[in-house]
Every structure is written in structure tokens, then in C-alpha cells.
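Asker: Here the protein sequences line up with chains W and B, keeping their order.
Mapping the first sequence onto UniProt numbering, position 39 (from 1) lands on 39, and the numbers just tick up by one.
Mapping the second sequence onto UniProt numbering, position 563 (from 1) lands on 563, and the numbers just tick up by one.
Backbone N, C-alpha and C fix where the C-beta goes; we use that ideal spot for every residue, glycine too.
Number of protein chains: 2
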Amino acid sequence: MSEDAPPFQTQDHDSLTIPLLSHQQRSINSTSQIVGSIAAVSSSLLVGKAGPMVHTGSCIAALFGQGGSRRYGLTWKWLRFFKNDRDRRDLVTCGSAAGIAAAFRAPVGGVLFALEEMASWWRSALLWRAFFTTAVVAIILRALIDVCLSGKCGLFGKGGLIMFDVYSANVSYHLADVPPVLALGVIGGILGSFYNCLLVKVLKVYNLVNEKGTFYKIFIACTISIFTSCLLFGLPWLVSCQSCPSDASEDCPTIGRSGNYKKFQCPPGHYNDLASLIFNTNDDAIRNLFSKNTDSEFQLSTMLIFFVTCFILSIFSYGIVAPAGLFVPVMVTGASYGRFIGMLIGSWGNLSHGLYAVLGAASFLGGSMRMTVSLCVIILELTNNLLLLPLIMVVLLVSKTVADAFNGNVYDLIMKVKGFPYLETHAEPYMRQLTVADVVSGPLQLCHGIEKVGNIVHILKTTMHHGFPVIDESPHSESPVLYGLILRAHLIALLKKKAFLCTPVQLGADAFRHFSSDDFAKKGLGNVDKIEDIELTDEEMEMFLDLHPFTNASPYTVVDTMSLAKALILFREVGLRHLLVIPKISSRAPVVGILTRHDFMPEHILGGGSHSVVANGVYSWN
Amino acid sequence: MSEDAPPFQTQDHDSLTIPLLSHQQRSINSTSQIVGSIAAVSSSLLVGKAGPMVHTGSCIAALFGQGGSRRYGLTWKWLRFFKNDRDRRDLVTCGSAAGIAAAFRAPVGGVLFALEEMASWWRSALLWRAFFTTAVVAIILRALIDVCLSGKCGLFGKGGLIMFDVYSANVSYHLADVPPVLALGVIGGILGSFYNCLLVKVLKVYNLVNEKGTFYKIFIACTISIFTSCLLFGLPWLVSCQSCPSDASEDCPTIGRSGNYKKFQCPPGHYNDLASLIFNTNDDAIRNLFSKNTDSEFQLSTMLIFFVTCFILSIFSYGIVAPAGLFVPVMVTGASYGRFIGMLIGSWGNLSHGLYAVLGAASFLGGSMRMTVSLCVIILELTNNLLLLPLIMVVLLVSKTVADAFNGNVYDLIMKVKGFPYLETHAEPYMRQLTVADVVSGPLQLCHGIEKVGNIVHILKTTMHHGFPVIDESPHSESPVLYGLILRAHLIALLKKKAFLCTPVQLGADAFRHFSSDDFAKKGLGNVDKIEDIELTDEEMEMFLDLHPFTNASPYTVVDTMSLAKALILFREVGLRHLLVIPKISSRAPVVGILTRHDFMPEHILGGGSHSVVANGVYSWN
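1. Work out the CA separation of W/L495 and W/I534 for me, nearest whole Å.
2. State the Cα-Cα distance for the pair B/L501 and B/I459, rounded to the nearest angstrom.
3. To the nearest angstrom, report how far apart W/I18 and B/V35 are at their CA atoms.
4. Taking 8 angstroms as the cut-off, does the stretch 324-332 of chain B touch the stretch 354-369 of chain B (at least 3 CB pairs, one atom from each stretch)?
5. Against chain B, which members of the stretch 368-395 of chain W pass a CB distance test of less than 7 angstroms?
6. Would you decide whether B/L277 is buried or exposed? Buried here means 16 or more other CB atoms lie within 10 Å of its CB.
7. Give the residues of chain W in contact with B/H174, contact being defined as C-beta atoms less than 7 angstroms apart.
8. According to DSSP, is W/Q33 helix, strand or coil?
9. Going by the DSSP bridge assignment, what does B/G467 pair with across the sheet?
10. Mind pulling the alpha helix (DSSP H) runs of 4 or more residues that sit fully within the stretch 322-370 of chain W?
11. Quick one: using the 10 Å Cβ neighbour count with 16 as the cut-off for buried, is B/D251 buried or exposed?
12. Taking only three categories from DSSP, how would you classify B/L482?
13. Using a beta-carbon distance cut-off of less than 7 angstroms, what residues from the stretch 550-578 of chain W approach chain B?
14. So is B/E116 buried or exposed if we call it buried at 16+ other beta carbons inside 10 Å?
15. Taking the alpha-carbon positions, what's the B/I569 to B/V186 distance?
16. Between which two residues does the beta strand (DSSP E) carrying W/E451 extend?
17. W/V581 and W/V440: beta carbons closer than 7 angstroms?
18. Could you say which of B/I345, B/I145, B/I594 and B/S96 lies nearest to W/L387 if we only look at CA atoms?
19. Could you compute how far the alpha carbon of B/M331 sits from the alpha carbon of B/V394?
20. Taking 7 angstroms as the threshold (beta carbon to beta carbon), is W/R287 in contact with chain B?
21. First and last residue of the alpha helix (DSSP H) that includes W/T439?
22. Anything in chain B within Cβ reach of W/F131, meaning under 9 angstroms, just list it in chain order.
23. Under 7 angstroms, do W/V108 and B/V559 count as touching if we go by C-beta distance?
24. Let me see if you follow: with CB-CB separation under 7 angstroms, is W/I140 close to chain B or not?
25. Could you compute how far the alpha carbon of B/Y173 sits from the alpha carbon of B/S336?
26. Report yes or no: is there a C-beta of chain B within less than 7 angstroms of the C-beta of W/W348?
27. What residues from chain W crowd round B/T425, counting only those whose CB sits closer than 8 angstroms?
28. Please work out which residues of its chain come closer than 7 angstroms, Cβ to Cβ, to W/A101, disregarding the five sequence neighbours upstream and downstream, and give them in chain order.
29. So which residues on chain B does W/K584 lean against when the C-beta distance must stay under 8 angstroms?
30. Residues of chain B with CB under 8 angstroms from W/A493, in chain order?
31. Quick one: Cα of B/T462 to Cα of W/N455, how far?
32. With distances taken between CB atoms, is the gap from B/T93 to B/A62 smaller than 7 angstroms?
33. Quick check: the stretch 545-554 of chain W against the stretch 482-491 of chain W, are there 3 or more CB pairs under 8 angstroms?
34. Does the stretch 206-225 of chain W come into contact with the stretch 424-435 of chain W, if we say contact requires no fewer than three beta-carbon pairs (one atom in each stretch) closer than 8 angstroms?
35. When you compare the CB positions of B/T333 and B/V239, do they come within less than 7 angstroms of one another, or not?
36. Report the residue from W/G449, W/D412 and W/L434 whose alpha carbon sits nearest the alpha carbon of W/D546.
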């Protein structure tokens with residue numbers, strides 16, 4: 001029989017990339033994301049809605065994951081089943097998939113996005129859960145559109161379930177069109193990596209300014225907002241008016257919320273093509289750029305101005321306090337770049353300018369975000385034409401390959417700038433040259449199988465670690481033996497119950513008498529119990545606790561001579577939070593140290609000076 | 001410095017589900033799969049082409065993975081970079097994705113199919129490689145279609161890149177259509193699991209018969225083939241002739257290769273609707289069933305007869321010697337079932353019968369194969385209409401959920417019947433109650449760091465294990481210490497070079513003098529060196545080998561008290577082939593045993609009687 005079956009589950013899994021917040025923060029966050037995103041988009045800042053939608057979806061999922069919000073009376077008893085790391089992480093992944101699905105009405109794309117970009121750990125059940133979530137999103141969206149068909153809900157639901165739906169007619173293209181498409185991919189890749197590089201530089205400057213206080217944050221946001229407005233109202237003056245085409249499918253010029261031909265300051269029968277792009281929402285601008293049979297609508301100079309404007313504005317708009325997504329801005333920029341190239345190529349190729357815009361958007365997205373399958377599916381779901389698939393695939397592959405030669409994907413770069421401890425999947429080459437012993441941090445705090453309450457309190461008060469190895473020593477065993485790993489949260493739960501023993505004896509299953517599985521459920525980060533809040537008398541401090549029944553008796557271990565690269569694979573693939581290091585030569589202490597995520601971060605390994613760490617890391621026994 | 005950096009890579013990764021064959025077998029297999037599949041499909045057996053295509057793709061990939069075929073002069077020097085387990089597995093996964101992509105012209109669906117159903121181990125680089133492969137497939141297909149547009153290649157390329165392309169017009173559906181769709185999903189799930197159950201039973205009978213010899217195999221194949229032919233030519237007599245509709249979009253009746261209205265034995269101006277389904281290829285039958293504006297084309301009785309026929313024939317056709325796929329037969333059956341239900345519902349709903357056929361196919365596929373995302377994308381790529389997405393998602397979710405209550409997915413069931421040692425991802429509940437020590441097999445064979453050649457030969461000859469722990473004992477260390485794991489293939493490579501030592505001394509990097517990395521490259525299974533082929537003199541048998549430089553010095557280890565479920569997670573997630581078990585209490589031997597895939601199989605754990613295994617498994621030291 002294994003000793004690894006406590007009535008509550010001792011998870012040693014790691015959580016998602018998205019930093020978990022306390023539940024107040026989370027509910028406030030969800031609301032502020034929604035409000036802020038609406039404000040930012042409607043103030044015509046060049047920001048996307050996908051980011052805030054993903055964040056909102058993840059926040060709501062995380063709220064479920066901690067059993068609802070007690071403050072707002074939104075708790076359900078059945079939610080307690082999700083109160084563990086793994087389910088919470090799965091929920092957050094599904095939430096982010098739902099966010100993408102809702103933002104782009106792309107349910108399959110949402111699943112793949114969550115899989116390719118969001119989830120740091122993946123299992124097949126998760127694929128099916130995320131699919132379920134986005135299916136529900138698709139159905140509810142569809143139902144709402146059905147309800148709104150009568151026109152009571154304004155512009156909501158226009159265009160069916162497909163957002164742009166610009167290419168449902170047949171597309172024909174031939175082998176001769178491949179070279180310009182390849183060129184589009186190469187340039188898109190270079191532009192995308194350049195975009196990432198600039199974005200990171202601007203974000204670093206913003207970080208410096210933002211540290212100075214709230215006033216500076218708002219100042220930047222206002223400056224960018226005013227600058228954007230001035231630019232957008234000023235730029236259309238630069239281009240000349242065009243006369244309306246005689247065979248236009250819609251009103252020309254249009255005066256209203258959307259439309260391809262904006263009048264601006266032009267005489268009757270004329271339109272301003274730059275205004276047609278700028279005085280629309282981003283979605284409508286993309287639709288205009290993607291639309292077919294409009295090859296003569298835009299001038300070359302207009303396209304260039306619009307591209308440069310979008311490129312610059314989207315970089316400066318991202319880092320400000322408003323919740324901002326990157327997807328739509330990158331897409332607009334890419335579409336204008338693609339259309340510009342298409343106009344340059346002109347009658348050389350058979351493809352329409354609208355198709356070049358689609359491919360340009362794909363190449364710029366690929367160059368910046370470096371996803372392949374999910375971007376491909378999202379673009380397909382937006383344009384609703386599978387005949388484009390081979391071309392989109394080529395463009396994405398080329399732009400990703402080119403861009404990968406220069407820098408990393410934009411999300412990784414942003415996470416690095418913001419300082420999130422995100423663990424990369426693949427091991428750096430130098431990690432093959434280091435052993436686990438080189439980086440393990442110390443001095444190590446450990447508990448004995450039957451430990452004095454005072455010692456536990458001392459350990460908890462003097463360290464901030466989240467897990468402690470449990471050791472059995474004589475008289476309970478001949479030589480010191482590693483029994484397992486106990487979590488800080490569980491130790492605090494034990495201290496809180498005060499079911500102490502007067503003598504150091506080992507209890508059996510009897511020990512669970514005082515506890516329910518709820519006591520060990522994963523708490524929301526806002527209501528974690530702190531060791532300082534537990535009051536213990538001097539008498540209680542002298543009593544004992546049998547930790548055996550509450551210890552994870554089979555934690556994952558590695559030998560201290562294992563190469564760091566291999567330990568990282570184990571840590572990352574199994575999704576661990578603590579990895580115990582045991583000595584190779586058995587005559588020494590039964591445990592050398594604990595590896596956590598931070599020990600694998602390049603900053604820690606390279607910055608800490610591995611040799612000095614080794615000296616500290618070796619735990620001296622006796 | 002880690003000791004884990006030999007000049008050749010010591011992989012401890014596991015290979016793909018698909019059993020690897022020797023290279024002759026593989027090249028013969030590829031050819032026979034292609035020929036056999038053409039013969040089977042053209043003899044109107046109800047078999048699919050997806051299975052053989054996937055197999056062919058995987059075989060070609062595996063050929064690359066072993067450096068080409070020396071026998072056919074197809075070797076390239078650069079292929080040696082793929083001569084390791086991990087790259088070979090990745091190649092096979094990409095090959096299977098390419099197979100699906102080519103069979104259904106569904107490149108994204110192919111990637112997802114490989115991901116969801118094929119790959120037992122997944123990493124993000126693999127996603128992008130598989131995507132690259134299927135992109136190449138899509139582009140080459142597109143180019144061939146482009147070349148064949150002139151009509152020189154017969155029917156090849158008809159229908160563009162989309163195989164069926166039946167629903168490119170707008171579809172409208174409302175909330176009221178959801179209940180019949182849900183019902184379709186539930187019944188499809190039940191039918192799918194029933195289908196799986198019957199298929200397994202028939203396969204077991206076939207297995208018994210096939211064991212008796214080649215004659216019986218061919219006899220079964222002939223019987224099924226003749227039975228199919230008789231049935232298909234006889235059945236259309238059962239239904240009455242229909243008069244041609246006046247507004248038919250194609251010729252009625254049609255006499256030729258394809259078409260919706262087959263004349264059979266009907267008077268002029270009439271057609272036989274069952275013959276229209278039967279005397280077409282499966283693809284055309286699906287296209288006929290999926291087509292819209294043909295609600296009055298088929299009779300209810302025709303649909304029922306066709307459904308029952310397909311259901312039975314596809315089960316009996318699968319297990320015969322001809323290479324057969326399941327995808328298309330399941331799809332035809334599902335489409336006829338869906339159309340039947342659609343006709344029963346009649347004017348109650350707003351959906352056309354063709355749409356019911358699409359949804360019926362989705363539900364039956366979901367009920368039998370239990371995939372979600374990949375099936376969804378494949379069906380979308382076949383029908384080329386994203387507006388169907390929400391309905392398809394609902395149907396797939398419902399049918400998968402219902403069917404999961406009864407049995408496993410059809411691929412897992414078939415693998416079980418065929419006896420492949422496929423390791424499930426999730427641990428069975430009883431594995432939580434067992435420790436690693438309960439299942440570890442013994443007696444254990446091990447090598448010393450510096451070992452006598454005679455001992456190595458003895459170990460290799462008396463066991464069939466693929467990996468051996470290497471132990472350091474006095475005088476090289478104070479107490480016995482586990483040094484690492486050495487592979488059988490590497491030991492044989494060492495023996496073959498005969499670079500033996502006269503005295504037991506430890507060499508440094510000097511040991512690599514005699515070897516190049518090619519000596520340790522993974523060989524194709526057909527040309528593995530055998531220990532019996534190596535001739536050694538008595539003198540050489542008395543010499544020594546220093547195994548240290550050739551040993552994987554940091555193998556993954558678990559403590560023998562770890563629960564089996566946790567060890568399985570490690571084994572499966574990291575993709576191991578050998579997992580060393582070390583004792584918890586340090587005073588005993590440094591290694592208890594080795595876990596391989598077979599030790600995790602339910603047959604071994606439950607059949608072997610875990611207690612007797614324990615007794616053998618403990619390796620007695622000294």
C-alpha cells in the first residue's frame with residue numbers, strides 16, 4: 001500500500017502563467033477591465049479588445065476556481081471541488097480560451113490560442129474542456145445574435161457569427177502568385193520582429209515613468225490619447241479627395257457610423273480614403289482593407305501614411321494604464337502593410353488587394369506573435385474562406401521563421417519586461433553544463449516527522465518557503481530518511497486546529513478525526529491564513545504534531561548530480577511547484593534542497609554566481 | 001560541471017504509439033499500403049483511405065528517421081541528424097499529420113488530428129513542425145490541382161482544395177433547432193459506442209481466424225468482398241423508382257461516373273435513389289447526402305436501408321487483410337443516419353436534410369472516435385462553412401459525452417485487441433494504492449562502472465533488457481553508488497569496437513578516441529547489431545571496459561515508495577523509456593529496479609499478482 005493517499009489531495013503542480021490575484025483584486029479587475037477596455041476603444045486609442053477579454057475571462061474563471069466570491073455573496077458549495085491548483089489552472093486556461101472566442105467569434109481559434117500561447121502545461125482532457133467552454137461561448141453568441149436580429153441591440157451581431165466574413169466568394173490563385181506571397185512573409189517577419197523590439201523599448205521607458213506614481217501614469221495616458229486624437233483628425237488633410245466610383249456597392253460618400261467611403265471635408269461625389277480608414281472602428285478598418293473589388297478605392301500614399309501611423313500608435317498605446325490588447329492593432333497594421341505591398345505589386349499578380357491585406361495581416365501577426373496553428377485558424381474564422389488556407393499557412397510559416405531569427409515572441413518579451421517569473425519550456429544550452437547541486441538554494445529548513453509545535457512556528461515565521469521536506473530520524477528510523485514534503489498552507493491549517501499531542505507518538509488514520517478535506521482546500525490568495533494570526537500559548541508551543549498523515553509521501557525527487565536541463569524538463573513537463581533534491585551518495589543527509597521555479601530562472605542562475613550558491617546549498621547534517 | 005554531456009546524446013525518451021518496423025518492412029509497407037488501399041477502395045469495399053494514408057505518411061517519415069533506405073540507395077548524409085528517438089518520433093507524428101492532410105485536404109485538421117489522437121507526447125515545437133508539414137502538403141496539392149486544371153488528370157482535383165464543399169451558401173438556423181440537434185447528438189453517441197463495441201467483437205473473431213494462416217485471411221477477404229458486391233447490386237431492387245424532379249440541377253437520370261440521379265433499372269425519366277448512393281464512391285455518396293436543396297431526392301426507406309448496410313459493412317470490412325481506414329465509412333454511416341433523422345423530423349425544423357446529414361456524420365464520428373477539436377476542424381474543412389461551427393460543436397460535445405459513458409474510443413479499443421502495449425495518459429484509480437516497489441520487475445541485472453567484458457557479454461546474452469543500471473563500487477567509491485543508466489545498444493557498440501582495457505582503470509575523455517557519434521546513433525530496427533554476431537576471444541573476455549563515459553549519468557529516478565500513479569505521470573509526461581527505482585532507505589542497494597512501459601500496463605500489474613512480484617523485485621545486494 002502506498003502512503004500517498006491522504007484524504008485531501010496534495011498537489012505539487014504549478015500554476016498558470018497568468019499571475020493569480022486575490023479575489024477582491026480579481027473581481028475588481030474583471031469589472032475594471034471591461035469598463036477600461038470600452039473606454040479605451042471608444043476613445044479611438046489604437047488598442048485591441050482581445051487582451052482585456054482574455055483577462056476578463058481568466059479572472060472570472062479564477063473566481064470560480066477559488067469557490068466564488070464571499071464578499072459579493074457569490075459562493076456555491078459545489079465550487080469547492082475546484083479548490084486545487086490543477087483545476088484552477090485548467091479553469092483559467094478555459095477562461096482565456098473563452099475570451100479569445102468571444103473577442104473574435106472564433107471558438108476553435110480560441111481553443112488553439114489557449115493551447116499554443118497561454119497554457120504552460122497541457123493535457124488532453126484540457127483540450128476537450130477548453131473546446132466545451134468555447135462551444136458554449138459560440139452558442140450563447142449565436143443565441144444573442146438570434147435575439148438581436150430584430151435590430152433592438154444596435155450594431156451588435158451584424159455579420160453573423162463571423163466577424164469580417166469578407167471572402168466567402170471563390171478565390172483563384174496560381175503558382176505564379178507564390179513569390180510575391182513569400183516576399184510578403186519575409187518582410188512581414190522582419191517588420192514583426194522590429195515591432196516587438198520597439199514595443200519592448202517603449203514599455204521599459206513607460207515602466208520607469210510609471211514607477212513615479214499615479215499622476216505620471218495618467219499623464220502618459222492623457223498625452224497619448226490627445227496625441228492620437230490630434231493625429232487622427234489631422235492626417236486626412238494630407239491626402240487628396242477621390243471621386244466616388246460609379247459602381248460602388250454602398251452609398252458614396254457615407255456619413256454615418258460605418259462605411260467604405262467617408263466624406264470628411266471633400267466636395268459632394270468625392271470621398272477621403274484615409275478618413276474612411278481612420279474614422280471607423282478598428283474592426284471596420286480591417287473589414288475595409290480586407291474587402292475585395294475595391295482595388296481602386298485607396299491611394300498608395302494613403303496606405304503608407306495609415307501603415308506608419310498604426311505602427312507607431314499601436315506601440316505607444318500598448319503600455320499605458322488602460323487595458324489594451326495587441327491583436328487587433330497588429331492586425332490593422334499588418335493589413336495596411338499587406339495592402340500597400342499589394343498596390344506596389346499591382347497588376348503583376350492575380351491576387352486582389354484585399355487578399356494581400358489578409359495575407360499582410362497574417363504575416364505581421366506571425367512575425368510578432370509567432371503562433372502558427374491558432375493564428376491560422378483565427379484568421380480563417382475571421383475571413384470565412386478555407387480556400388485561402390494554403391496561402392495563409394505559407395505566409396505564417398515564412399514570417400515566423402524569419403522573425404525567430406531576430407527575437408522572441410511579443411508575449412514572452414512583455415512578460416520579461418514586466419518581470420513575471422515565466423519559465424521557458426526549453427532549457428538554455430548552459431543548463432546542460434550545470435548540475436542541480438550548482439543552483440539549489442539554501443540554507444534548507446526542514447521538519448521532522450513528529451515535530452515540536454514551537455519549531456514549526458519558528459520555521460514558518462523565519463522563512464517564506466511554501467514547502468518543507470519532512471525527515472524521519474531515530475528513534476523512528478535507524479538513519480535519517482526523507483519522508484516527504486509538507487506544504488506551508490497545510491502546516492498552518494494544522495496549527496489552526498490545535499489538535500496537538502502531548503507526547504511524540506505516531507498517530508494512524510486517527511489523525512484525520514479533527515479535520516475535513518475543506519481544511520486543506522486551496523484558498524483564494526486573498527484569504528490565505530498567516531502564521532502571525534495564529535495565537536499559541538507557551539504550553540501549546542511545547543506540544544507535538546505528527547506530520548506523517550499530512551505529508552505528501554511521494555514527492556518528485558532528483559539526484560543532485562542530475563543536469564539542470566533534465567531537471568527542468570521534469571519540472572516543466574510534470575508541472576511541479578517544488579522539486580526535492582536528494583544526494584547521490586547515500587551516506588550524507590537524506591535531502592540536499594528544494595528547487596522551485598525561481599531556481600530555474602536564468603536571472604537566478606547567472607546572476608547569483610553558481611559557485612557561491614553551491615557552498616550555501618549543501619545542507620550540513622548534524 | 002555536469003557529467004551529463006557525452007558527445008552523443010543519450011536519449012531516454014519513449015517512441016510513438018505506432019509500432020516501428022524494420023526498414024525493409026517499412027518500404028514494402030508503404031508500397032503495399034498504397035496498392036492495397038487503391039484495390040480495396042476500387043473494389044467498392046466499405047473502407048476508408050485515411051488510415052492507409054496516415055500509415056503511408058508515417059512509414060515514409062520513419063524511413064527518414066533511420067537515415068533513408070540503404071537497400072534502395074536512398075540515403076543522405078544529413079539524415080543522420082534524425083537518428084535518435086525524439087526526432088524519429090516527431091517525424092512520425094508529422095508524417096501522420098501529412099497523411100490526414102492529404103486524405104481530406106484538411107491541413108489544419110491534420111495537425112490537430114495528429115495532436116489529439118496520434119501523439120502520445122507533445123511539445124510546442126512539434127505543433128509548428130506538424131503545421132509546416134501539412135502546409136507543404138496543402139501547397140503541393142494546390143499546385144497539382146493547378147497543373148491538372150486542363151483536365152489531363154481525370155477526376156483528380158475536382159472541387160478545389162475542399163473535398164466536399166457543399167455548404168458555401170449561407171445557412172440560417174435558430175434556437176428552436178437546438179433540441180433536434182441535441183437529440184441527434186445523443187443518438188449518435190449511443191450508436192457510435194455500439195459501433196465500437198461491435199467492431200471490437202468482430203475484430204476478435206477475425207484475429208482467431210487469421211491466426212490459422214494466410215489461406216484463411218484471404219478467404220475472409222474474398223468472402224467479404226463477394227458478399228459486399230452481391231449486397232450492393234441486390235439492394236437497389238428493393239426500393240421503387242422515383243420520377244426525376246423537373247428542377248434538377250444536373251442531368252436526371254445520370255449514366256456515368258458520378259451524379260445524384262442513377263438510372264439503374266428504372267424507366268426513362270426516373271431514377272433509383274439507393275443506387276445513387278451505392279453506385280458512387282464513398283466521397284460522392286457523402287457529397288450527395290450532404291447536398292442541400294435535395295430534400296425530396298431520397299425516400300425514408302432508402303435512407304434506412306443505406307444506413308443499416310453501411311453500419312454492418314463497415315464493421316465487417318475493417319478487420320480484413322486489406323489496408324482499411326475507418327474515417328470515411330463512419331462518416332458515410334453517420335451522414336445516412338443524420339439524413340434519416342432529418343427526414344423523420346421533416347418540416348418540424350428549419351434545417352435542410354443535407355445539414356442534418358453533416359451533423360449526423362459529426363455525431364457518429366464523435367461517438368466513435370471521441371475527438372473534438374480535430375473532428376470539428378476536419379468537418380469544417382470538408383464542408384467549407386464556418387457558420388455551421390456552433391452546431392457541429394454542440395453535436396460533437398454531446399455525442400462524445402454520451403458515448404464516453406459506455407466505452408473507450410475506437411482507436412484505443414483496436415490497439416487493445418491487437419495487443420499493442422499502449423500506455424494510457426491517465427492513471428487508473430488502483431494505481432494510487434500501489435507503490436512503485438509493488439510492480440518493479442526483477443531480478444535486476446546491473447553493470448559496474450568498470451566491468452569485465454565477459455560479464456557484459458553474459459548479461460547481454462541472458463537478458464533482453466534495453467537498459468542497465470551502472471553501479472560504482474569500492475575501490476572506486478566507498479559504498480555502492482548508482483552511477484547511471486547504459487543502453488543495450490551502446491554496450492553492443494562498445495563491444496563491437498573492441499577498445500578494451502587490460503586493467504580496470506578509469507579513462508577520461510580519452511575514451512572517445514575510438515568512437516564517432518555515428519557509432520551511437522539510433523539504428524533502424526532492421527539493422528540492429530545483435531550480441532550473438534560479435535565474436536570475442538577468450539583473452540578479450542577477460543579484459544575490461546570503462547562504462548563511465550558512455551553512461552547516461554543523470555537518468556530520471558523515483559523512490560520505491562512513490563505511488564505508481566505518480567510514477568506513471570512522470571513516465572508519461574517526460575516520455576521515458578526506462579525509469580530507475582532507487583530505495584528510500586539509504587542503507588540498502590543503490591538501485592531497486594527499472595520500470596519500463598510494460599510495468600505500467602494494467603495486464604502486468606493486475607495479472608502478475610503484485611505481491612509475488614514484490615518478492616522478486618527487491619534486488620538483494622551482496
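Answerer: Once the coordinates are examined:
1. Roughly 8 angstroms between the two C-alpha positions.
2. 19 angstroms
3. With a pLDDT of 38 at W/I18, under the threshold of 50, the modelled position of this residue cannot be trusted; read the value that follows with caution. Between W/I18 and B/V35, the C-alpha separation is close to 52 angstroms.
4. As far as the Cβ criterion goes, the stretch 354-369 of chain B touches the stretch 324-332 of chain B, which means the pair count is three or higher.
5. T372, V373, C376, V377, E381, N384, L386, L387, L389, P390, M393 and V394
6. buried
7. D146, listed in chain order.
8. helix
9. B/L487
10. 327-345 and 353-369
11. exposed
12. strand
13. A553, S554, Y556, T557, V559, T561, M562, S563, K566, I569, L570, E573 and V574
14. buried
15. 33 angstroms
16. From DSSP, the beta strand (DSSP E) with W/E451 extends over I450 to K452.
17. Yes, they are a contact pair.
18. Minimum Cα distance to W/L387 is reached at B/I145.
19. 17 angstroms
20. False, the Cβ-Cβ gap to chain B never drops below 7 angstroms.
21. Thr is not the amino acid found at residue 439 of chain W; the sequence shown has Val there. For W/V439, the enclosing alpha helix (DSSP H) has its first and last residue at V436 to V439.
22. T372, V373, C376, M393, L396 and L397
23. In this structure, W/V108 lies away from B/V559, with their beta-carbon atoms at least 7 angstroms apart.
24. no
25. Straight-line measurement puts the Cα of B/S336 at about 21 angstroms from the Cα of B/Y173.
26. Judged by the 7 angstroms Cβ criterion, W/W348 is not in contact with chain B.
27. Residues of chain W whose Cβ lies closer than 8 angstroms to the Cβ of B/T425 are, in chain order, R123 and S124.
28. P107, G110, T134, V137 and A138
29. What W/K584 touches in chain B: V481 and L482.
30. Neighbours of W/A493 on chain B: none; closest Cβ ~22 angstroms, over 8 angstroms.
31. 54 angstroms
32. Judged by beta-carbon spacing, B/A62 lies beyond the 7 angstroms limit of B/T93, meaning their Cβ atoms are not closer than that value.
33. yes
34. By the C-beta criterion, the stretch 206-225 of chain W is judged not to be in contact with the stretch 424-435 of chain W, since fewer than 3 inter-stretch pairs fall below 8 angstroms.
35. no
36. W/G449
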